[in-house]
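Below is one structure, written out as structure tokens, with a few remarks after it.
Protein chains in written order, with the working numbering: chain V, 21 to 341; chain P, 21 to 341.
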């Protein structure tokens, strides 16, 4: 089963929305569907398409995994409430933090977040919902390098802990799978989603767990949350491709009130890039860099040192973890 | 016993040299003296004063502690050879590396370097030399915050592993103790030392061990050595107060030849300061910063990421360790 790409220049968003709403309606019939909303553009578009097609036969849930940015759960819930789409907020913070406990290796950290989401939290939700239809925000870029079609969908069931025998009754719907990111943005705009949502900066899968070097404890995630909020406030108007704060595990010497203090270091990165394949550090003025450092050291407990990335990608990557 | 300060503005370097040479000659008489040359301005001045006073009855040794900057042992030995001053090069690399093995705490690292120098390497040298006179480059700033006089000198003997009973026969001579750094520089100039030596940037006591976060192994010190050489080359003409490279212990994600590589991060710091009490990061142009990052990632194996310090002192300190 090959996926037929709809190129962005030939995409008619209104017609696309009409088609997809009809397809979802036809597929689900009188049944129920379930989906997870992350607040990103892909899952937001899928939520709105599903809601137009099924109204309250679509159960959308937003999972608070303890790795969200400052105020994000409230912002996403508020937005969909204002659009008339009911979203169930599921507090899974303890479950994710337990899964991340003691893990310092970046790959293992990613795996822990993915497994907790699929096998445990969302898998349980799907199984308990009774819904046989699962709406997913997969886009073409997600499957470019994997085997498309049936095999991939099998893997999803496996990840959800649904027996392939049983899985016979389940069906996964991927209404935006023919689009790439810019196509999804066009549809998001046509659906009336605010620009702040569909033009938002890329955010890594493991969320704030990727912004902490070493173990992602509740305390260290809170430091990363505050630091990223400050960096986003100060660099929002810069027009950079992506910017972030990373909490290091290394301790460095600092001083407070005349005494040596062994403290935290925050690394700020801001990237100039077209497609994330290659990137250069943004040439931010020292007035802004020093203001950033001053806010990070004065507003976040324990921070005594702040650095700014000056390497390019490659050999660096955008994220540190 | 109080030390009488000679203010820099009232210092006549030629008269000072004449006085100190006479004092050393009178104190040592027909005996022998020993001193350790680090290559810094204080110990270099003391070596020249001692040599003028005692000629070959002064035994000067340069201890290679494995923590020196690139080419430093050769440079210092070459300079003093050209000045006609014999310097014994003592290879104590293995002893220092053994003492640093497994130590990650900055305070313990400093202590290991100090103890190895005094109690083991230099202490042994003093005891075995038979010399009863020890020339030291103590300056007034070194004793400002400690108790001056006898008690302090007692501590030196203790550090050298010389029994206070025995120490009765020993005597410590501190020819530059009445001066501060700028006074020592004036004397260095008058003694004919090259400007590169007496105007050189401050370098921390534990040397490159202070430029490595975590364990200072031979391999990690070599990385710090290469990184500091590159930073010094690129920033030498900047006129900054102090600049350095720090090898982090944290590993960050990078990529080489299309593959993920879990690599090293180097932090560059460059400070603007008058007296090191407060300091701000140098506002280096991004052309220079990017060149630095490019050299550090391409010339040093394993380095995938480079950052630049943007915090001020306080709450940061100049050095990270």
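Glycine residues also receive a C-beta, built at the ideal position from the N, C-alpha and C atoms.
Residue environment: residue 108 of chain V is assigned as exposed (fewer than 16 neighbouring CB atoms within 10 Å of its CB, all protein chains considered).
Residue 36 of chain V and residue 207 of chain V do touch by the CB rule: their CB atoms are close to 6 Å apart, below 8 Å. Restricting attention to P:325, P:247 and P:260, the CA atom closest to the CA of residue 276 of chain P is found in P:325. Within 7 Å of the CB of residue 262 of chain P, no CB atom of chain V is found; the nearest one sits about 15 Å away. Membership of residue 153 of chain V in the beta strand (DSSP E) is indicated by the continuous run 153-155. Taking 7 Å as the upper bound on Cβ-Cβ separation, chain V lies near residues 269, 270, 272, 273, 274, 275, 276 and 287 of the segment 269-290 of chain P. Residue 140 of chain V is outside the set of residues whose beta carbon lies under 8 Å from a beta carbon in chain P. Annotation for residue 205 of chain V: the continuous alpha helix (DSSP H) segment containing it runs 201-210. At a cut-off of 8 Å between C-beta atoms, residue 340 of chain V counts as an interface residue with respect to chain P.
A Cβ-Cβ separation of about 5 Å places residue 70 of chain P in contact with residue 155 of chain P under the 8 Å criterion. Taking CB atoms only, residue 120 of chain V has no neighbour in chain P less than 8 Å away. Distance check between residue 268 of chain P and each of P:238, P:283, P:233 and P:48 places P:233 closest, using alpha-carbon atoms only.
Beta-bridge partners assigned by DSSP to residue 136 of chain V: none are found. If you check the CB distance, residue 265 of chain V and residue 251 of chain V come in under 8 Å. Note that the segment 133-153 of chain P touches the segment 54-65 of chain P; at least 3 beta-carbon pairs, one per stretch, sit closer than 8 Å.
Restricting attention to P:60, P:139, P:121 and P:72, the CA atom closest to the CA of residue 92 of chain P is found in P:60. Contacts between residue 82 of chain V and chain P, judged by CB atoms closer than 8 Å, are missing: the closest CB pair is about 28 Å apart. Taking a Cβ-Cβ cut-off of 7 Å, the neighbours of residue 336 of chain P in chain V comprise 274, 324 and 325, given in sequence order. The CB of residue 310 of chain P comes closer than 8 Å to the CB of 300, 301, 330 and 332 in chain V, given here in chain order. The C-beta of residue 93 of chain P comes no closer than 8 Å to any C-beta of chain V. Residue-level contact check: residue 214 of chain P does not touch chain V, since none of the beta carbons of chain V fall below 8 Å from its beta carbon.
Under a 10 Å Cβ-count criterion, residue 128 of chain V is classified as exposed, with fewer than 16 other Cβ atoms of the shown protein chains found around its own Cβ. Comparing alpha-carbon positions, the option among V:41, V:330 and V:126 lying closest to residue 225 of chain V turns out to be V:126.
CA-CA distance, residue 223 of chain V to residue 328 of chain P, rounds to 24 Å. Interface criterion not met: the Cβ of residue 247 of chain P is under 8 Å from no Cβ in chain V. Cα atoms of residue 104 of chain P and residue 160 of chain P: separation of roughly 29 Å, rounded to the nearest angstrom. 233 and 234: these are the residues of the segment 231-247 of chain V whose beta carbon lies less than 8 Å from some beta carbon of chain P, given in chain order.
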